Every structure is written in C-alpha cells, then in structure tokens.
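What follows is a set of notes on a single structure, which appears directly below.
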Amino acid sequence: MFTLAPAPDEYVVSIIATSFASVALAEMGDRTQLLTLLLVARFRKPWWILAAIVCATLFNHFLAAWIGVELSNYLTPEIMRWVVGVGFLLMAGWVLIPDKDNGEVKGGHPFWTSLVIFFIAEIGDKTQIATTLLGARYDNVTLVMIGSTLGMIAANAPMLWFGERLSPYMKSDWGHRAAAMVFAALGIITLLW
Numbered sequence: 198m199f200t201l202a203p204a205p206d207e208y209v210v211s212i213i214a215t216s217f218a219s220v221a222l223a224e225m226g227d228r229t230q231l232l233t234l235l236l237v238a239r240f241r242k243p244w245w246i247l248a249a250i251v252c253a254t255l256f257n258h259f260l261a262a263w264i265g266v267e268l269s270n271y272l273t274p275e276i277m278r279w280v281v282g283v284g285f286l287l288m289a290g291w292v293l294i295p296d297k298d299n300g301e302v303k304g305g306h307p308f309w310t311s312l313v314i315f316f317i318a319e320i321g322d323k324t325q326i327a328t329t330l331l332g333a334r335y336d337n338v339t340l341v342m343i344g345s346t347l348g349m350i351a352a353n354a355p356m357l358w359f360g361e362r363l364s365p366y367m368k369s370d371w372g373h374r375a376a377a378m379v380f381a382a383l384g385i386i387t388l389l390w
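Structural data, given as structure tokens:
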C-alpha cells in the first residue's frame, strides 16, 4: 500500500538503508551494470544516461514495490523468462542498426533510448524482485523506492564514468558488435536456463 503517513525516524532510516544495501549488493555484477557501460560507450553522454537510469529506476521500483506482489499472481517465472529472453534478443538486433552519418543514433535521444532500454532490462531483474519483497515486507512504497533507487545509482554511476573514460578507445562498430553479442548471449542464456 502506498504509505504517506510519517514514520518514526529510525524506521525511515532502517527502511531506506536496508533497501539501499539490498539493491546495491544485488546490482553488483548484474547485466544492467554491463548495459550502463554499453550505453555510455554508444552515446558518450553520461549525464543523460544517469538521468535516464534514475527515472527508469524510480518508475520501475515504484511499480515493483506497489504492484509487484499482485503481478506475481499473474505472471509465472516461465512467462517472465520468455519475455526477458526475447527482449534481449530484440535488443541484440537493435544495437546492430548503424548510426547516422551525423553521429546521431537511430532510435532517439540518449535519455529516451536509455530510459526505455534500462526500464525493460530491469523487468524481472533481481533488483526489481528485491524491491518487490522489500515493499511487501515494509508496506511503504515511498521509502523502499527511495532506498532502492539510491542503491541502483550507487552501483551504476561508477560504471558511467568508467565507460566514459574508455569510450574514446572503442571503435563505433566494435561497440555495436560487442553489445549485440552480449544481448544475444543474455537472451539465449535467459531462455535456456
């Protein structure tokens, strides 16, 4: 339930800290960290990508904490596995579409493209599941969403700046091919396991 009532300070800190730590730890080595590196290598716009990650995470984790438990009654793990696996295979094909000659990426602005891709990549992810469980445990969507979003930022922001430093050394088509291989592998792995 969406809670607006004030909570005791120690309760607020506890929920935010638990949500932060749970999501930050779950995100370590996760596919969305790799996705963050690929997005910054492709667009070279870390601030736009960070803004997209924050917005996608806020929306995704709000939904996870608020209706995640209800969705689990309708979507089996098998259906979720197929949705995510096919989504990765579709992204593998999308990243092979070459950039326009003027350097713009087909598909739109770095913010909107990153927002959509990151939001989709988070569907069924362990951080989304953790957020759903935290929301059910604490019955406070707002505090869980704040903590989980801060945890996601803490795990992905360093990847943005690391990727930005490496991107001048990466050739454009190398990035497209590498991203396509990664997404194809993730799709196949998701579908098989």
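To convert, count from 1 in the sequence shown and add 197; that's our numbering.
Each residue gets a CB set at the ideal place from its N, CA and C atoms; glycine is no exception.
Owing to the predicted nature of the structure, the values given are computational and were not obtained by experimental measurement.
Three-state secondary structure assigned by DSSP to residue i
i       : result
His-306 : coil
Met-198 : Note that Met-198 has pLDDT 49, beneath the 50 cutoff, so the model's placement of it is unreliable and no number is given.
Asp-336 : coil
Gly-290 : helix
Thr-273 : coil
Asp-322 : coil
Residue burial classification, residue i (beta-carbon count within 10 angstroms, cutoff 16)
i       : result
Asp-206 : exposed
Glu-319 : buried
Ala-253 : buried
Arg-239 : buried
Glu-224 : buried
Met-349 : buried
Asp-298 : Since pLDDT at Asp-298 reaches only 40, below the 50 mark, its modelled position is unreliable, and no value is offered.
Pro-355 : exposed
Ala-218 : exposed
Sub-8 Å separation of residue i and residue j beta-carbons
i       : j       : result
Pro-243 : Leu-357 : yes
Glu-361 : Val-251 : no
Gly-344 : Ile-213 : yes
Ile-221 : Thr-329 : One point to set straight first is that residue 221 is Ala, not Ile, in the sequence displayed. No.
Ala-249 : Ser-311 : yes
Ala-352 : Gln-230 : yes
CA-to-CA distance, residue j to residue i, given in whole angstroms
i       : j       : result
Asp-227 : Pro-274 : 19 Å
Val-266 : Ala-333 : With a pLDDT of 47 at Val-266, under the threshold of 50, the predicted position of this residue should be treated as unreliable, and no value is reported.
Phe-308 : Leu-232 : 14 Å
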